[in-house]
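Student: For the working numbering, count along the sequence shown from 1 and bump the result up by 456.
Even for Gly, the Cβ is constructed at its ideal location relative to N, Cα and C.
Nothing here was measured: the structure is a model prediction, and the numbers come from that model.
Encoded as structure tokens, here's the structure I'll be asking about.
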Amino acid sequence: MLGIMNHNEEWLWCISGKHPVAKDYFSLGAENPLFKAFSDWAGNGYMKWLTQSNRGVSRNSWRFWAKGSKKNQLICGIVKDSGDQFGRLYPLLIMGSGSLKDWESQWDLLPLALDNIWEKMEYLSINRRLSNLKQLEEEILQLQGPSNDWPAWKALQEQSYPMMHGHLYETLSKGLNDFWKSSDCLIALNNHFLSEPLKITETYHALLKDRLPIVPNTVFMGGVPETTRIGIFGRALAPEDFVKLWSPETTSLIGRF
């Protein structure tokens with residue numbers, strides 16, 4: 457990674473890829489092996505996706521969280537389709553890593569705890585008012601790590617349960633029974649049926665945690681505007697996983713231990 461960016465509240469941040477304020481690919485952020493691993497994964501996966509004959513036009517945007525390399529270390533970020541000033545396409549990755557006490561036992565609440573950070577990242581990813589990379593870097597430096605106010609997040613999670621239509625809740629529960637032994641799965645939610653599909657991923661986290669004996673390595677939420685999907689990985693990511701995330705028609709089980 458090029459450059460060093462300061463951290464706040466024990467969280468480090470980085471950004472890499474292409475952005476409308478940049479003339480080409482760039483990379484700014486902390487010198488961190490985890491950041492480099494995700495950046496390499498996105499780059500190698502995108503190159504592999506470009507070889508697909510049926511790839512079509514891509515409009516993907518994904519939120520994600522992942523395990524760090526030690527207890528209480530959490531990674532969160534977004535990866536999405538983007539391009540530089542000249543319209544040349546390439547994914548943009550914005551991510552952070554730091555300590556969040558006890559998150560491993562509360563991981564079903566992460567969509568709530570991280571929502572504000574994801575929203576800020578998504579805004580920065582499309583902000584054309586920035587005049588140069590220096591301004592973008594300054595904005596990234598303003599990001600703050602999440603709060604571990606688990607009782608508050610739990611209360612919000614419980615408020616979201618009434619949003620779930622009964623048969624949808626039942627369908628998701630049955631799906632989890634099918635997938636809980638898998639190392640990775642990718643499930644689609646029908647955006648035409650759901651008014652706030654990303655909110656359903658919060659409840660899906662609760663359902664998943666009830667049935668999984670382990671903490672997933674990485675969870676993705678997002679996709680294309682027509683279809684929101686959730687991807688759960690219990691193993692290290694491979695470039696092929698990027699291809700599947702970037703292919704909206706891939707909505708079924710994609711692997712087993």
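Between which two residues does the beta strand (DSSP E) carrying glutamine 529 extend?
Tutor: Taking the first residue of the sequence shown as 1, we reach residue 529 at position 73. Taken as a continuous stretch (DSSP letters only), the beta strand (DSSP E) holding glutamine 529 covers 529-536.
Student: Cβ atoms of phenylalanine 482 and leucine 549: under 9 Å apart, would you say?
Tutor: Residue numbering aside, residue 549 sits at position 93 when the sequence shown is read from its first letter. Residue numbering aside, residue 482 sits at position 26 when the sequence shown is read from its first letter. The answer is no: Cβ separation not under 9 Å.
Student: Consult DSSP for aspartate 571 and reduce its assignment to one of helix, strand or coil.
Tutor: As a first step, residue 571 is located in the sequence shown; it is residue number 115 there, counting from the start. Three-state DSSP puts aspartate 571 in a helix.
Student: Please list the terminal residues of the continuous alpha helix (DSSP H) segment that includes isoleucine 596.
Tutor: Start at 1 with the first residue of the sequence shown, and residue 596 comes out as number 140. Looking at the DSSP string, the run of the alpha helix (DSSP H) that includes isoleucine 596 is 589-597.
Student: Would you kindly work out how many angstroms separate the C-alpha atoms of glutamate 614 and lysine 479, rounded to a whole number?
Tutor: The count along the sequence shown starts at 1 and reaches residue 614 at position 158. The count along the sequence shown starts at 1 and reaches residue 479 at position 23. For glutamate 614 and lysine 479, the distance between alpha carbons rounds to 45 Å.
Student: With burial defined as no fewer than 16 other Cβ atoms inside 10 Å of the residue's Cβ, what is the status of glutamate 682: buried or exposed?
Tutor: Within the sequence shown, numbered from 1, the residue matching residue 682 stands at position 226. When all chains shown are included, glutamate 682 counts as exposed.
Student: Does the beta-carbon distance from methionine 551 to isoleucine 582 come in below 9 Å?
Tutor: The residue given as residue 551 occupies position 95 in the sequence shown. The residue given as residue 582 occupies position 126 in the sequence shown. Their beta carbons are not under 9 Å apart, which means methionine 551 does not touch isoleucine 582 by this criterion.
Student: I need the DSSP call for proline 704, collapsed to helix, strand or coil.
Tutor: Counted from its first residue, the sequence shown places residue 704 at position 248. The answer is coil: DSSP assigns proline 704 none of H, G, I, E or B.
Student: Quick one: give me the first and last residue of the beta strand (DSSP E) that glycine 485 is part of.
Tutor: Walking along the sequence shown from the start, residue 485 turns up at place 29. Element bounds for glycine 485: 482-485.
Student: Can you tell me whether DSSP reads isoleucine 670 as helix, strand or coil?
Tutor: Within the sequence shown, the letter at position 214 stands for residue 670. Three-state result, isoleucine 670: coil.
Student: Flag this pair as yes or no: are the beta carbons of arginine 544 and lysine 474 separated by less than 9 Å?
Tutor: Translated into positions along the sequence shown, residue 544 becomes position 88. Translated into positions along the sequence shown, residue 474 becomes position 18. Yes, the Cβ-Cβ distance between arginine 544 and lysine 474 is below 9 Å.
Student: When you compare the CB of glycine 601 with every CB in chain D, is at least one pair closer than 9 Å?
Tutor: The structure shown has no chain D; it contains just one protein chain.
Student: What do you reckon, are the CB atoms on glycine 499 and isoleucine 596 nearer than 9 Å?
Tutor: For this step, residue 499 is matched to residue 43 along the sequence shown. For this step, residue 596 is matched to residue 140 along the sequence shown. Not a contact, by the Cβ cut-off of 9 Å.
Student: When the Cα atoms are used, what is the spatial distance from glycine 533 to glutamate 466?
Tutor: If you number the sequence shown from 1, residue 533 lands on position 77. If you number the sequence shown from 1, residue 466 lands on position 10. When rounded, the distance between both Cα atoms is 16 Å.
Student: Looking at arginine 685: is its Cβ nearer than 9 Å to the Cβ of methionine 677?
Tutor: Along the sequence shown, read from residue 1 onward, the residue named residue 685 stands at position 229. Along the sequence shown, read from residue 1 onward, the residue named residue 677 stands at position 221. Yes, Cβ-Cβ distance for arginine 685 and methionine 677 is below 9 Å.
Student: Can you tell me the Cα-Cα spacing of leucine 556 and leucine 592, whole angstroms?
Tutor: Start at 1 with the first residue of the sequence shown, and residue 556 comes out as number 100. Start at 1 with the first residue of the sequence shown, and residue 592 comes out as number 136. Their Cα atoms are separated by approximately 25 Å.
Student: Where do the ends of the alpha helix (DSSP H) carrying serine 472 lie?
Tutor: Translated into positions along the sequence shown, residue 472 becomes position 16. Careful: serine 472 lies outside any alpha helix (DSSP H), inside the beta strand (DSSP E) at 468-473.
Student: Compute the beta-carbon to beta-carbon distance between glycine 501 and proline 695, rounded to the nearest angstrom, for a pair I have assumed lies under 8 Å.
Tutor: One-based indexing of the sequence shown puts residue 501 at position 45. One-based indexing of the sequence shown puts residue 695 at position 239. Between proline 695 and glycine 501 the Cβ distance is about 4 Å, and since that is below 8 Å, they are a contact.
Student: Helix, strand or coil for glycine 679 per DSSP?
Tutor: Translated into the one-based positions of the sequence shown, residue 679 becomes position 223. Strand, per DSSP.
Student: Have a look at the DSSP bridge pairing and note the partners of methionine 551.
Tutor: The count along the sequence shown starts at 1 and reaches residue 551 at position 95. Per DSSP, Cys470 and Gly533.
Student: Residues in its own chain within less than 7 Å of tryptophan 505 by CB, not counting five upstream and five downstream?
Tutor: Counting from 1 along the sequence shown, the entry for residue 505 is found at position 49. The residues are Arg511, Phe698, Val699 and Trp702.
Student: Which residue or residues does DSSP assign as beta-bridge partners of leucine 545?
Tutor: Locating residue 545 in the sequence shown gives position 89, where the first residue counts as 1. BP columns for leucine 545 point to Gly539.
Student: Quick one, are the C-beta atoms of isoleucine 573 and aspartate 640 less than 9 Å apart?
Tutor: Within the sequence shown, the letter at position 117 stands for residue 573. Within the sequence shown, the letter at position 184 stands for residue 640. Contact flag unset, no.
Student: Helix, strand or coil for proline 476? Go by DSSP, reduced to three states.
Tutor: As a position in the sequence shown, residue 476 is number 20, starting the count at 1. If DSSP states are grouped into helix, strand and coil, proline 476 belongs with coil.
Student: Please report the distance separating the alpha-carbon of aspartate 537 from that of glutamine 508.
Tutor: Here residue 537 is taken as the residue at index 81 of the sequence shown, counted from 1. Here residue 508 is taken as the residue at index 52 of the sequence shown, counted from 1. The alpha-carbon atoms of aspartate 537 and glutamine 508 are separated by roughly 16 Å.
Student: Given that a residue counts as buried once 16 or more other Cβ atoms are within 10 Å of its Cβ, and exposed if not, what is alanine 692?
Tutor: Sequence index remark: in the sequence shown, residue 692 carries index 236 (1-based). Alanine 692 comes out exposed.
Student: Which residues in the same chain as histidine 661 place their Cβ atom closer than 6 Å to its Cβ, once the five residues preceding and following it in sequence are excluded?
Tutor: On the sequence shown, residue 661 is found 205 positions in, with the first residue counted as 1. Answer for histidine 661: Asp564 and Pro567, listed in chain order.
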